[in-house]
Amino acid sequence: MRFSHFDEVLERAAAHPRLRRAAVAGAADEHVIEAVYEAWKRRIAEPVLVGDLEKIRMLLRRVGLSEDAFSIVQAETPEDCGRIAVELVRDGKADFLMKGFVETRDLLRPLVHRENGLNLGRTISHMAFLDLPVRKHLLVVTDGGMIIRPSLEEKRDILINAFSLLRKIGYENPTAAALCAVEHADPKMTETTDAAALVQMNRDGALPGGEVWGPISYDIAMDAEIARLKGYDCPYCGDFDILLSHDMACGNILSKALILNAGAQMAGLVVGARVPVVLNSRGSSAREKMLSLALAAVSTFDSQEGM
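As structure tokens, this is what we get:
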């Protein structure tokens, strides 16, 4: 099942018989409380709030909840917030993680620590899910938030992470376009030789989980008619699930351009560990945070649970 719009993700998350629990690192923040409260009201996820106990209680009262509406775990420092949140997931007391008002490193450092049992040994990467009015299905741009200049092997991991997450939420055969400026491998353009190598890895079974195409330009990847006019023979043009950017700057700019200039809504997850991490910027809206929580929740559903 491929998702057409975020409303479908919200509906699927809310319909599950068991409410997923999100360990929120650094929950003593008004925007974070508003987002998790809205997600809880819509039956998307139940938060376990980690941070300053008294401030969290005050914020809960501010939104009209009792102080004991959610589980709260006291944490003195941002580092403690990250460590405790990861331990909650490790110990089975939460299903996934959410970054609140802490630095990203304070959450990711304990997440990738080998003793915590959540490290898969893969590159940690970011997936930006975009709901565009002009598209039939959600679009993923990766990686626009974690790896500044990924190597070929890191790009392989980024795609494996993306394929894995999409399969967890119901996609049978995720498709990815390795974006470049041209459609042929040019030794002077590293992104094109990387794209060709990724396609070969995919064909050889070293990059499993979906299909990779490239080198391919953005216009061809996004428009089947342009692909036809330019003679690019690929059945997924205009409907790829994933756009792989050459570096973080390209992915970041592309995502923001689609949000600001094409009316896209966005949700973001950090992937590559045993559980997803809801990671949004400080300027993200409460809806963006809620959408990210819904995606994380759906990705933890087990097929044996009846969904």
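If you count by my numbering, then the sequence shown holds residues 8 to 314, one letter each, in order. Here a beta-carbon is modelled for each residue, glycine too, at the ideal position from N, C-alpha and C. Since we're looking at a predicted model, the values are computed, not measured.
C-alpha gap between residue i and residue j, whole angstroms
{"i": "residue 228", "j": "residue 190", "result": "11 Å"}
{"i": "residue 232", "j": "residue 42", "result": "40 Å"}
{"i": "residue 52", "j": "residue 27", "result": "5 Å"}
{"i": "residue 314", "j": "residue 23", "result": "Residue confidence for residue 314 is low, a pLDDT of 31 falling below 50, so the modelled location carries little weight; the figure read from the coordinates is stated next. Going by the C-alpha atoms only, they are around 7 Å apart."}
{"i": "residue 178", "j": "residue 61", "result": "43 Å"}
{"i": "residue 122", "j": "residue 296", "result": "29 Å"}
{"i": "residue 67", "j": "residue 75", "result": "9 Å"}
{"i": "residue 95", "j": "residue 16", "result": "25 Å"}
{"i": "residue 220", "j": "residue 265", "result": "22 Å"}
{"i": "residue 8", "j": "residue 201", "result": "30 Å"}
{"i": "residue 308", "j": "residue 100", "result": "16 Å"}
{"i": "residue 237", "j": "residue 267", "result": "28 Å"}
{"i": "residue 20", "j": "residue 47", "result": "11 Å"}
{"i": "residue 147", "j": "residue 192", "result": "24 Å"}
{"i": "residue 80", "j": "residue 211", "result": "47 Å"}
{"i": "residue 258", "j": "residue 225", "result": "12 Å"}
{"i": "residue 163", "j": "residue 91", "result": "31 Å"}
{"i": "residue 174", "j": "residue 214", "result": "14 Å"}
{"i": "residue 292", "j": "residue 203", "result": "38 Å"}
Close beta carbons around residue i, own chain, < 8 Å, minus the five adjacent residues each side
{"i": "residue 11", "result": "143, 144, 145"}
{"i": "residue 310", "result": "For residue 310, the predicted structure reports a pLDDT of 42, less than 50, and the residue's modelled location is therefore unreliable. The matter cannot be settled from this model."}
{"i": "residue 276", "result": "133, 134, 136, 172, 283, 284, 285, 286, 299, 302, 303, 306"}
{"i": "residue 37", "result": "66, 69"}
{"i": "residue 206", "result": "185, 219, 220, 221"}
{"i": "residue 72", "result": "44"}
Residue of the options minimising C-alpha distance to residue i
{"i": "residue 65", "options": "40, 24, 116", "result": "40"}
{"i": "residue 187", "options": "172, 253, 128, 235", "result": "253"}
{"i": "residue 298", "options": "24, 226, 50", "result": "50"}
{"i": "residue 107", "options": "120, 97, 55", "result": "55"}
{"i": "residue 141", "options": "294, 270, 274", "result": "270"}
{"i": "residue 159", "options": "151, 181, 198", "result": "198"}
{"i": "residue 289", "options": "116, 241, 230, 109", "result": "109"}
{"i": "residue 14", "options": "273, 154, 291", "result": "273"}
{"i": "residue 223", "options": "249, 161, 21, 154", "result": "249"}
{"i": "residue 242", "options": "214, 120, 180", "result": "180"}
{"i": "residue 263", "options": "246, 139, 25", "result": "139"}
{"i": "residue 157", "options": "255, 25, 230, 293", "result": "255"}
Beta-carbon separation (whole angstroms), residue i vs residue j, contact threshold 8 Å
{"i": "residue 279", "j": "residue 111", "result": "Not a contact, Cβ separation roughly 14 Å."}
{"i": "residue 149", "j": "residue 165", "result": "6 Å"}
{"i": "residue 103", "j": "residue 29", "result": "6 Å"}
{"i": "residue 151", "j": "residue 261", "result": "7 Å"}
{"i": "residue 183", "j": "residue 251", "result": "6 Å"}
{"i": "residue 154", "j": "residue 161", "result": "6 Å"}
Extent of the continuous beta strand (DSSP E) run through residue i
{"i": "residue 105", "result": "103-106"}
{"i": "residue 134", "result": "132-138"}
{"i": "residue 2", "result": "Residue 2 is absent from the structure shown; the chain starts at 8 and stops at 314."}
{"i": "residue 53", "result": "53-58"}
{"i": "residue 275", "result": "272-278"}
Segment limits, alpha helix (DSSP H) that includes residue i
{"i": "residue 190", "result": "Segment: none, residue 190 is in no alpha helix (DSSP H) and carries neither H nor E."}
{"i": "residue 89", "result": "85-97"}
{"i": "residue 249", "result": "No alpha helix (DSSP H) holds residue 249; the beta strand (DSSP E) holding it covers 249-251."}
{"i": "residue 19", "result": "13-22"}
Chain-order list of residues whose beta-carbon lies under 7 Å from that of residue i (same chain, five-residue window excluded)
{"i": "residue 125", "result": "93, 96, 97, 118, 280, 281, 282"}
{"i": "residue 170", "result": "181, 216, 217"}
Contact test: residue i Cβ vs the ligand MG heavy atom, cutoff 7 Å
{"i": "residue 277", "result": "This structure lacks the ligand MG, and indeed carries no ligand of any kind."}
Own chain partners of residue i with C-beta closer than 6 Å, once the 5 adjacent residues on each side are dropped
{"i": "residue 114", "result": "32, 89, 106"}
{"i": "residue 58", "result": "33, 34, 35, 82, 88"}
{"i": "residue 209", "result": "219"}
{"i": "residue 234", "result": "227, 244"}
Neighbour flag for residue i against chain C, beta carbons, 8 Å
{"i": "residue 116", "result": "Among the chains in the structure shown there is no chain C, since it carries only a single protein chain."}
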